[in-house]
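K.L.:
Going by the UniProt record's numbering, the first residue of the sequence shown is number 1, and it counts up by one from there.
Pasting a structure below so you can have a look.
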Amino acid sequence: MRKFVFFGGKGGVGKTTMSSAYAVKSARAGVRTLLVSTDPAHSTRDVFDQVFSDSPSSVEGEPNLDAMEIDPETEVREHLMETKRALSDQVSPAMVNEIDRQIEMAHQTPGAHESALFDRFIDVMRNADEYDRVVFDTSPTGGTLRLLSLPEYLDGWIQRLIHKRTQSIELFERAAIGNNEPRRMMDGDPIIARLEKRRDDFSFAAETLREDAAFYLVVNPDELSIRETERAVEQLDSYGLDVRGLAVNRLTPEPDPDENGRGARFLRDRVETERNRLAQLREDFDAPLVAEIETRVSEVKGDFLGEVADELDIEVEPSSIPAD
């Protein structure tokens with residue numbers, strides 16, 4: 001089993017439940033586990049009845065489990081402020097106000113959240129040595145896929161920026177005359193160094209996601225969720241990412257045989273429809289069904305979370321830990 005495990009899917013299908021249950025399953029198997037949530041609603045704290053921050057902290061009652069909640073809005077602000085500080089060091093004071101204006105506009109642009117979150121994903125993956133397993137409760141499918149596509153698109157863009165910056169420095173140095181001291185910064189230019197670090201970070205992320213990450217998609221037994229999952233599988237596959245299985249959530253419990261009221265008849269019809277959906281999932285997808293979770297009578301937490309964990313047919317032992 002790979003070190004980094006992502007649970008994705010359409011909004012509202014139960015990604016937080018599945019990722020939390022799998023994190024508990026791994027931790028109870030003796031695997032040192034970190035659960036990372038990027039859900040703006042911070043549902044992880046509701047599952048465990050415990051407040052988490054953007055730094056790992058122990059989950060009460062689970063000795064091998066830590067959790068953290070990454071706030072996308074905070075990440076965007078910090079990401080843009082760090083960019084502002086870096087740029088302000090390289091321009092004249094007259095340009096600082098213009099940088100402030102551009103940074104404020106960038107805060108609202110499409111992709112700002114994805115870029116900032118991806119930086120934090122990289123940071124978590126780079127600094128996860130103390131954990132055997134890192135489980136990500138991702139954002140809804142569309143945003144997650146845009147996030148995961150960033151390395152492919154930005155690597156070429158950064159390469160071109162480095163090339164342009166190198167050309168600019170070469171021209172500046174050639175133009176230095178008289179007593180002016182040329183800025184010989186080809187080997188130490190902070191902007192080139194920053195761009196090269198970004199390139200290396202994205203290269204690390206792309207390799208890690210392809211070589212040491214597994215993706216599970218959470219799906220509900222309805223047509224819209226299945227269609228969304230089909231698109232997600234196709235896109236993840238196009239990025240060379242490993243879709244290991246589908247976790248079906250919110251299946252309808254079947255009534256007892258002796259029940260025949262209106263509610264029981266409705267439930268039986270619903271169960272029959274969902275069985276057809278399950279058959280469709282098995283027929284249309286290469287990825288296996290790793291869970292078929294029935295709807296609980298209340299929120300999935302406490303004992304219910306342990307029950308869901310037991311029903312997940314997903315490996316927990318990382319390759320670095322031999323199985324008993």
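Even for Gly, the Cβ is constructed at its ideal location relative to N, Cα and C.
Every value quoted in this text rests on a predicted model; they were computed, and no experiment measured them.
Going by CA-CA distance only, name the one from G8, V51, M1 and K3 that's closest to Q235.
P.N.:
G8
K.L.:
Can we say the segment 53-73 touches the segment 32-40, given the rule of at least three CB pairs closer than 8 Å?
P.N.:
yes
K.L.:
Leaving out five residues before and five after S43 in sequence, what residues of the same chain have Cβ atoms less than 6 Å from its Cβ?
P.N.:
T16
K.L.:
When the distance is taken between beta carbons, is F215 closer than 8 Å to I122?
P.N.:
no
K.L.:
So, with DSSP's three-state summary, where would you put S19?
P.N.:
S19 carries a helical assignment under DSSP once its states are collapsed to helix, strand and coil.
K.L.:
What residues in its chain sit with their C-beta under 8 Å from that of L241, if we drop five residues either side in the sequence?
P.N.:
L148, L209, R210, A213 and F215
K.L.:
How would you call D310, buried or exposed, if buried means at least 16 neighbouring beta carbons within 10 angstroms?
P.N.:
exposed
K.L.:
Would you mind working out which of G14, I293, N97 and Y22 sits nearest D39, comparing C-alpha positions?
P.N.:
G14
K.L.:
Tell me, please, which residues DSSP counts as bridged to R133.
P.N.:
Answer is T33, bridged to R133.
K.L.:
Can you name, in chain order, every residue of its own chain whose Cβ lies under 7 Å from the Cβ of Y131, other than the five neighbours on each side?
P.N.:
The beta carbon of Y131 sits closer than 7 Å to those of R32, T33 and L34, all from its chain and outside the five residues before and after it, given in chain order.
K.L.:
Note down, in chain order, each residue of its chain lying with its Cβ closer than 7 Å to the Cβ of E315, except the 5 sequence neighbours on either side.
P.N.:
M1
K.L.:
When burial is assigned at 16 or more other CB atoms within 10 Å of the CB, is M125 buried or exposed?
P.N.:
Result: buried.
K.L.:
If you run the structure through DSSP and keep just helix, strand and coil, what is D66?
P.N.:
Three-state result, D66: strand.
K.L.:
Where do the N-terminal and C-terminal ends of the beta strand (DSSP E) with G8 fall, by residue?
P.N.:
F4 to G8
K.L.:
What residue from V59, M81 and Y239 has the CA that sits closest to Y153's CA?
P.N.:
Y239
K.L.:
Do D54 and I70 have their CB atoms nearer than 8 Å?
P.N.:
yes
K.L.:
In whole angstroms, what is the alpha-carbon distance linking F118 and E259?
P.N.:
51 Å
K.L.:
So L246 and V308 are in contact, right, with Cβ under 8 Å, and what is the actual spacing, rounded?
P.N.:
That pair is no contact at about 15 Å.
K.L.:
Whole angstroms is fine: what's the gap from E254's alpha carbon to N220's?
P.N.:
16 Å
K.L.:
Let me know if H163 comes out buried or exposed under the rule of 16 or more other beta-carbons within 10 Å of its beta-carbon.
P.N.:
That one is exposed.
K.L.:
Tell me, to the nearest whole angstrom, how far the beta carbon of A287 is from that of R244; I am working on the premise that it is less than 8 Å.
P.N.:
7 Å
K.L.:
Could you check what DSSP says for I314 in three-state terms: helix, strand or coil?
P.N.:
DSSP places I314 in the coil class of the three-state scheme, outside both helix and strand.
K.L.:
Report buried or exposed for L312, applying the criterion of at least 16 other Cβ atoms within 10 angstroms of its Cβ.
P.N.:
buried
K.L.:
Using three-state DSSP, classify R250 as helix, strand or coil.
P.N.:
Strand.
K.L.:
For the beta strand (DSSP E) that contains A291, what are its first and last residues?
P.N.:
L289 to E294
K.L.:
Would V24 pass as a contact of F136 if the rule is Cβ separation under 8 Å?
P.N.:
no
K.L.:
By DSSP, does S55 sit in helix, in strand, or in coil?
P.N.:
S55: coil per DSSP, three-state reduction.
K.L.:
Please state whether DSSP places L241 in a helix, a strand or coil.
P.N.:
coil
K.L.:
Would you list the residues sitting across from A213 in a DSSP beta bridge?
P.N.:
A213 has F4 as its beta-bridge partners, per DSSP.
K.L.:
Report the partner residues of V218 according to the DSSP bridge assignment.
P.N.:
A247
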